[in-house]
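Colleague:
In this note's numbering, the protein residues as written are 262 to 1538.
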């Protein structure tokens, strides 16, 4: 079952050549032909498989019933000609005549290895005898099965004289003389892993032995060689490399950087030596467009190395088409395949291939030229210019010549030292190249995520194309249709946090970070209009093209029409590209056993386990990444050694060190294979018992197949009820917010049955797109643009109308109304939305008729602005009032999202009126005037205290369809010096939402850094920042998840709790032991942790119904236990217990939160269903408690102490229907601990306060439940 679970270096070692019988016949034939005809012609031979050596090399009988037997690989048969036994050198004529050939035999090979085509691939140029000794040659192979799984091969061609010392008949006597003919043997190592350099070194070591061994000993030498390689494990992903000695060289196996990337064991700069950056970009563009690409070279080895490097350059995009980097001479018909492919041929076939096959991209590696089979030039869309020029400049800065880099360095006298120095140089260069090529891919596809709908898995490709420059649209149109991009999209929709996502996140400009603070409908800004005007491509814009949509209402992103401006933005110095690779650790395997038997293999494994144990002991306990790699390797070797329990123990340790490399399938197999006695032993070991229970629980779950489909939006063909309407609107990218879509549904169905006809939806969608197109084509004079902010966009433009300031068009941005006068275009500001005092409809007399007009009173002007908008009057009245109300609410609540929502409402109103065109269209559009309605129904004035204290509001559900409850908030301070390139020194705000989702904000700018770090799937109850590089998250599923603050990934778990984790606290005053974290679970378990080793130092139990939180003060633990507050010593001994008074217990109340004020000797408590605080004296328990009544509150949900203030979060009061209405009802109260008076009543949420946290005593942040779902940031006085 688990043949694919244990990673080993060797799949098989195959020897290819010609049989001894055939070689003798050819030799004698050539000798006779030579004597009669002079110099004989050497014929082409058909190579055949001579030896197949594949692990395991320990027989089943030797392995018995152990694990080795269980892990024998699935095998299949390969039929080949039967080999004759080796002929000894002292053979006599009778012995030669007695050797019988012919027949066939069945060779057993691993099922993944296909040997049918291997002989001609090992001799791609043909197999022919030679009259002289030739140098050994290497080349590389890649095999891809129908499922896309790759197997790699390294081939060494080695020439030996035919029948050294062969006896032959001369003048009636047998004599011997040296041979003048040489035959090649190909030695091919096949591996699942692309270790090209390492396997080449291994074959080079084998070559040393082959040169001194007899032909009769060849098979035994090769078997010994293959057996040694079969003992070599593959290093797990990370920074642990592995070495082993294979005399005379030391072989290095580099590890993969992470699970998503293959190992890099080749020189990635080889294409840069062969191709100029411009030609290299051409080839990459062809691969991205999935063209039929053929590489040509006179060197077979160069073909695979260049092809593999090119595919590395495309990472994380993965080539999905046929891939054969080496085509043998007899395989050229492969190039007739109608599909896209990447293949390689010898340069001698160039003319033949280019003449007989059309539509090929031909790349001559040796001369650095790129052409097509029809032309000397490539007529395909190029990679976007800004990204291409950035890539070119980066390439020019690379130091790709090793000798130039070593001119000033002394020569190495030790070959091992020289090789190590070369590897270090190559590793650094490979790192730089990977960063540069990744930057190229990020620059090309950076904006893809802006056009994704994650919930419905829709990519708005048309909208994405419209954001590209006209000269680049053909390139993107071709790329978007490819398989390689389709698989890339799957990863984006699955929110994969790979190298692409990390670089895209960390290379965002400050403008992009600020725009991520709020959802704004996208339109061209004034800055973009100016850039477009300067661009030489303006005339290429379509007159009536469909403009950008509002997919998910994400921030407006710049359309870089100005090449120079966009290139400047891309070339902002990026510290990620200037960093050195992460430091590596090298682990050396023991010396291989002299002979192979079950006992020698087990002894080797025992020695390896011993060395891994020593390595683990020497690793600092806080170096989790290195510990995880050692545990993984030891678990792997323990599995091979039949030590199942030890293997499970090692894999269990991965939960605390790095779950990213946890081998789930292997662990499941180990658990299932435990014998009865082993299972009983495991039950006596708590950590193994927990692991087995977890594995069993996971195996019982119904595994949902991951959702990999990608949809394109199509217009509906049937009537839409509300639920289907919501889905269609979200898939179309018009708007995501469910409440807004419900209002749109009501507007479109006003006065009709509650369903939307498909024709009405089509008309609405079309009008929406046409309106966007008009906004794209707005062409404002430069004199007008000078009066507007760079970030302003024109969202609506009236027809030409008569106004109190002349004739012109009224334009609306997100900030103001202004008039574009006719004749000589001029700018006249009508008003900013925040300055409006009144908006009303009036009528103006004109030739005995009354023309409706719009009047706007502002505080900035004494005169009233009036515009005769005629039929547009009522719509403009709705629009201006909605924008006015949105601006007022945004200013009062310090929440810019209100303005963004008002803009969306206005655009939807416009589309509704445009598509309905009935007398009731204005009435229908009025249903979308949400903020204007709120202004009239609910008092908009925010209390003065709230307005003065409230600094800002942010929305953690910005990219979600509906608001989520903010369960926990955690502020982590910044770092003055931050050397890690993947992190930054800014403080961060961590927000736990429903369903295990964690959102991260930059607390310096309040921009969103991460919209989803998935931490399990259950509700999150508590968070704790530890050592500036970890965030601990306690979950209802009883697991403590640990997030790495630099990589923004969750790769550690603590599984010691048996019930939901409810609270954390941190002891910072223990100078001897450093930070000491504590955690508690609902059933009363408290664990003290070692923050370095992540091991439990102490465990004790509190008797209670529900332990909800813990705090540490002056060396004692305080526990909130439902109906009591318990004080414990650090060893768990009960010191004090404060119980609810009888009169409160009778009301079934329990403590929800508490605060200790040690200098005042006070314990403050609150109950979730009581609108009062209780104060207890911690020094004299005989004193009665005091009560502080909290007016307007029905319960206390959370409390924190900031400076000398107590901040209290309250439950929301209910409306008449028992639910929270839209009015602000929940409060944050600030209480003075000395006077016990409520100093401030702060109102900023329309649902219960769920959590409070403090930011360096300067700010307090409050998070609310899902009816509000926002975070308020309060200033602390």
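Beta carbons: idealized from backbone N, C-alpha and C, even for Gly. Note that the structure is a prediction, hence the values are computed from the model and not measured.
(1) In angstroms, rounded to a whole number, what distance separates the CA positions of residue 463 and residue 678?
(2) Leaving out five residues before and five after residue 1276 in sequence, what residues of the same chain have Cβ atoms less than 6 angstroms from its Cβ?
(3) So is residue 714 buried or exposed if we call it buried at 16+ other beta carbons inside 10 Å?
(4) Measuring straight from C-alpha to C-alpha, what distance separates residue 1241 and residue 876?
(5) Where residue 615 and residue 519 are concerned, what is the direct C-alpha to C-alpha distance, given to the nearest angstrom?
(6) To which residues of the same chain is residue 1125 closer than 6 angstroms at the C-beta, ignoring the five residues directly before and after it?
(7) From this set, 392, 478, 376 and 497, which residue's C-alpha is nearest residue 449's C-alpha?
(8) With a CB to CB cut of under 8 angstroms and the five nearest residues on each side skipped, what residues in its chain are close to residue 1309?
(9) Could I get the ranges of all uninterrupted alpha helix (DSSP H) runs contained in the region 1028-1096, with 4 residues as the minimum, in chain order?
(10) Between the beta-carbon of residue 1133 and the beta-carbon of residue 1103, is there less than 9 angstroms?
(11) Which one of 683, 1494, 1000 and 277 has the shortest CA to CA distance from residue 665?
(12) Three-state secondary structure (DSSP) at residue 1534?
(13) Considering only the beta carbon of each residue, do residue 889 and residue 532 sit closer than 9 angstroms?
(14) Is the Cβ-Cβ distance between residue 610 and residue 621 less than 9 angstroms?
(15) Which two residues bound the contiguous alpha helix (DSSP H) that contains residue 613?
(16) Please list, in chain order, all residues of the same chain as residue 1193 whose beta carbon is under 7 angstroms from its beta carbon, the five residues on each side excluded.
(17) From the DSSP secondary-structure annotation, give me the bridge partner or partners of residue 1301.
(18) What first and last residue would you give for the beta strand (DSSP E) that runs through residue 1282?
(19) What separation, rounded to the nearest whole angstrom, lies between the Cα atoms of residue 1091 and residue 1169?
(20) Could you check the C-alpha separation between residue 1549 and residue 862 for me, to the nearest Å?
(21) For residue 1536, collect the residues of the same chain with a Cβ closer than 6 angstroms to its Cβ; drop the 5 residues on either side in sequence, then sort them by chain order.
(22) Which residue from 923, 846, 654 and 595 puts its Cα closest to that of residue 956?
(23) Classify residue 1341 as buried or exposed, calling it buried when 16 or more other Cβ atoms lie within 10 Å of its own Cβ.
(24) Would the region 442-461 and the region 404-424 be scored as touching if the rule is three or more Cβ pairs under 8 angstroms?
(25) Quick check on DSSP: helix, strand or coil for residue 522?
(26) Is the region 1025-1035 in contact with the region 1068-1077, if contact means three or more CB pairs nearer than 8 angstroms?
(27) Exposed or buried, what is residue 813 when buried is set at 16 or more other beta-carbons lying within 10 Å of its beta-carbon?
(28) By Cβ distance, which residues of its chain are closer than 6 angstroms to residue 1534, with the 5 residues on each side in sequence left out?
(29) Ends of the alpha helix (DSSP H) at residue 202?
(30) Could you have a look at residue 340 and say whether DSSP puts it in helix, strand or coil?
(31) Hey, quick one: how far does the beta strand (DSSP E) through residue 1468 stretch, first residue to last?
(32) By a C-beta neighbour count over all protein chains shown, 10 Å radius and 16 as the cutoff for buried, is residue 1216 buried or exposed?
(33) Can you have a look at residue 430 and say buried or exposed, based on whether 16 or more other CB atoms are within 10 angstroms of its CB?
(34) DSSP state of residue 273, grouped into three classes?
(35) Given that a residue counts as buried once 16 or more other Cβ atoms are within 10 Å of its Cβ, and exposed if not, what is residue 1059?
(36) In chain order, what are the residue ranges of uninterrupted alpha helix (DSSP H) at least 4 long that sit wholly in the region 627-680?
Modeller: From the atom records:
(1) 18 angstroms
(2) 1257, 1259, 1294, 1302 and 1311
(3) buried
(4) Residue confidence is low: residue 1241 scores 44 on pLDDT, short of 50, so the model does not pin down where it sits. No coordinate-derived value is stated.
(5) 40 angstroms
(6) 1116 and 1118
(7) 376
(8) 758, 763, 766, 1261, 1270, 1271 and 1274
(9) 1043-1046
(10) no
(11) 683
(12) strand
(13) no
(14) no
(15) 611-617
(16) 1142, 1143 and 1146
(17) 1295 and 1315
(18) 1281-1287
(19) 23 angstroms
(20) Any answer about residue 1549 is impossible in this case: the structure gives the chain only from 262 up to 1538.
(21) 1210 and 1212
(22) 923
(23) buried
(24) yes
(25) coil
(26) no
(27) In this predicted model, residue 813 has a pLDDT of only 33, less than 50, meaning its place in the structure is not dependable; the value taken from the coordinates is given anyway. When all chains shown are included, residue 813 counts as buried.
(28) 1212, 1213, 1520 and 1522
(29) One cannot answer for residue 202 here, as it falls past the ends of the chain, which runs 262 to 1538.
(30) With a pLDDT of only 48 at residue 340, under the threshold of 50, the placement of this residue in the model should not be trusted, and no figure is reported.
(31) 1466-1471
(32) buried
(33) Here the model assigns residue 430 a pLDDT of 42, short of 50, so the residue's position is not dependable, and the following value carries that caveat. With fewer than 16 Cβ atoms within 10 Å of its Cβ, residue 430 is classed as exposed.
(34) strand
(35) buried
(36) 646-657 and 663-666
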